[in-house]
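Below is one structure, written out as structure tokens; the observations come after it.
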């Protein structure tokens, strides 16, 4: 018994000593951890950093570990995150913002614009003819010549002969008699073909053989007074030509993709809302992601033209990428045309073409069906609408679907892409229905000088490019360029947002200046509000701890320089996922 008692006493004493020792070790370990501050992979400081975080609008320094922000604050305080392995970037007085988000564009169109004949900067029909001639000289006999970017309303002068303000094909046919040519309008809603391309498509001079092609539902073949095709194809009539253009090769697709990534980085774009893709592009993006080449965060919209594709996705549901690189949870519907080609669907006739109201390019019944299916399966619906009737009709279909599925409308974030021309009564409906307008401010700069001819002064002033009215009603605006309709440069849209001027700086004071955005609103429209438009405001769009390390660095302070200096600014550096992917 004595042995047993002694053993227990010794055991209890030893146990107590061990517990005390372990407690001391734990305390020392805790103190040691407190002394060992988490270190950063990257520290950026030395300039003005706009966070788009209302609680902390600017900071002096940012620290990044892996691909996340771990600190945003004072320059002195960031030093504790420094180690011998930390890379440092000295802004040297430059300006940093959250990574810019292209809120509506066409990614492969951006890449292909760099591969094909780029007509975005052309200022005359003669320039286009010269570019086609150069392409023909470098091409094989019979090879298709394709390009995009021309816009007759931006030319310094029109050719002598036009139909509805559009040129005739004769000059292009003359420089390319043996090579079919098809040149997309900048808007993507019209195209110009030469005689060889029309012969291949069976669109011939007026004859019994071509009578079947006189009318195209949802589109139009422009013809002269004798009924002969001029070479211009509007809206769905474009398919008469495009279905004959050979499909691209996988090698060319990959090249276009890589060029689009580089172009995005050069322009400070770290995320991209791709407005309408099919199964081929989905597979390409997945392949690029698997190979580590998807260096832009892609928010892809399924094309509404492919009903079979939509049904497949309704069955399996949205795909939200945990790596935040490729997310597919929205559907793009093309519901009318463009204002430049008079394809936008209007409530009243075009001022400069009496009796013409534009085109409904997709049945509104399909908008309603898609909206209902979207609510049922968790897909956001994004509908292209430029004219006031298209916007009104789409809002009507959204509203009907929402009322019939009220339990599923809590956070739908349906969008209207462009929302360029609205009836005044429809402006407050966006906020009432929770519909997000995705508007490209640069369209105002490019279109406003001639848009008044299409719509007249009253409609322009009451309902066109109504940014401030929409913002004041309580909805965010997603900004962008609609590239390749316009160049991807976000500063053009930023400048247009705050100035309401053309890129040449006219008119003094801007068009309808009461609709200008503030610089803070414009920056949000390209960052946090654009992220919101893709359900991603919790992971990006502002510089806050825990968010992704995507940044755009400008050589000028776009938030404070005189307005006329904004377009002189340039992207100095782009940081994507915590890595420098572009440096000037």
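In full-length UniProt numbering, the protein residues as written are 1 to 584. Glycine is no exception: its CB is placed at the ideal position from the N, C-alpha and C atoms.
CA-to-CA distance, residue j to residue i, given in whole angstroms
i	j	result
residue 240	residue 513	42 Å
residue 53	residue 517	18 Å
residue 409	residue 375	7 Å
residue 253	residue 354	43 Å
residue 398	residue 579	41 Å
residue 598	residue 357	Outside the modelled stretch of the chain, which goes from 1 to 584, sits residue 598, for which no answer is possible.
residue 210	residue 160	Legend: pLDDT at residue 210 = 49, less than 50; position of this residue unreliable, value from coordinates given subsequently. Going from the Cα of residue 210 to the Cα of residue 160 covers about 27 Å.
residue 519	residue 473	18 Å
residue 65	residue 75	17 Å
residue 82	residue 40	6 Å
residue 442	residue 193	27 Å
residue 536	residue 468	23 Å
residue 568	residue 522	17 Å
residue 329	residue 299	8 Å
residue 504	residue 490	16 Å
residue 310	residue 303	8 Å
residue 540	residue 179	47 Å
residue 470	residue 430	8 Å
residue 433	residue 229	44 Å
residue 208	residue 224	The pLDDT assigned to residue 208 is 44, lower than 50, so where the model puts this residue is not dependable, and the model offers no usable value.
residue 406	residue 419	24 Å
residue 380	residue 413	6 Å
residue 295	residue 73	27 Å
residue 249	residue 285	15 Å
Check whether residue i and residue j have beta carbons under 8 Å apart
i	j	result
residue 481	residue 102	yes
residue 415	residue 352	no
residue 359	residue 343	yes
residue 289	residue 259	no
residue 42	residue 97	no
residue 550	residue 270	yes
residue 393	residue 439	no
residue 168	residue 119	no
residue 361	residue 227	no
residue 100	residue 552	yes
residue 277	residue 238	no
residue 152	residue 142	no
residue 275	residue 404	no
residue 371	residue 335	no
residue 496	residue 560	no
residue 95	residue 46	no
Nearest neighbour of residue i, chosen from the options [CA to CA]
i	options	result
residue 291	257, 320, 314 and 362	257
residue 320	378, 184 and 170	378
residue 529	373, 479, 135 and 364	479
residue 366	333, 160, 347 and 293	333
residue 111	163, 66 and 147	147
residue 80	38, 411 and 109	38
residue 189	135, 172 and 221	221
residue 67	191, 297, 55 and 168	297
residue 187	93, 386, 539 and 434	386
residue 307	318, 295 and 331	331
residue 436	47, 69, 104 and 77	104
residue 198	219, 69 and 232	232
residue 134	273, 175 and 401	175
residue 322	412, 548 and 582	548
residue 544	243, 70, 172 and 492	70
residue 401	373, 494, 246 and 570	373
residue 449	502, 203 and 129	502
DSSP bridge partner residues for residue i (one or two, in chain order)
i	result
residue 350	353
residue 587	Any property of residue 587 remains undetermined from this structure, which presents the chain solely from 1 to 584.
residue 553	96 and 573
residue 192	183 and 232
residue 382	332 and 415
residue 287	Paired residues: none, contrary to the question.
residue 478	438
residue 68	65 and 548
residue 59	49
residue 88	43
Per-residue DSSP class, three states only, for residue i
i	result
residue 161	coil
residue 32	The predicted position of residue 32 is uncertain, since its pLDDT is 43 and thus under 50; a value taken from the coordinates is nonetheless stated next. In this structure, residue 32 counts as helix in the three-state DSSP scheme.
residue 150	strand
residue 211	With a pLDDT of only 47 at residue 211, under the threshold of 50, the placement of this residue in the model should not be trusted; the figure read from the coordinates follows. Residue state, collapsed to three classes: helix.
residue 539	coil
residue 517	coil
residue 511	coil
residue 8	In this prediction, residue 8 scores a pLDDT of 46, lower than 50, which makes its location untrustworthy; no coordinate-derived value is stated.
residue 219	strand
residue 522	helix
residue 568	helix
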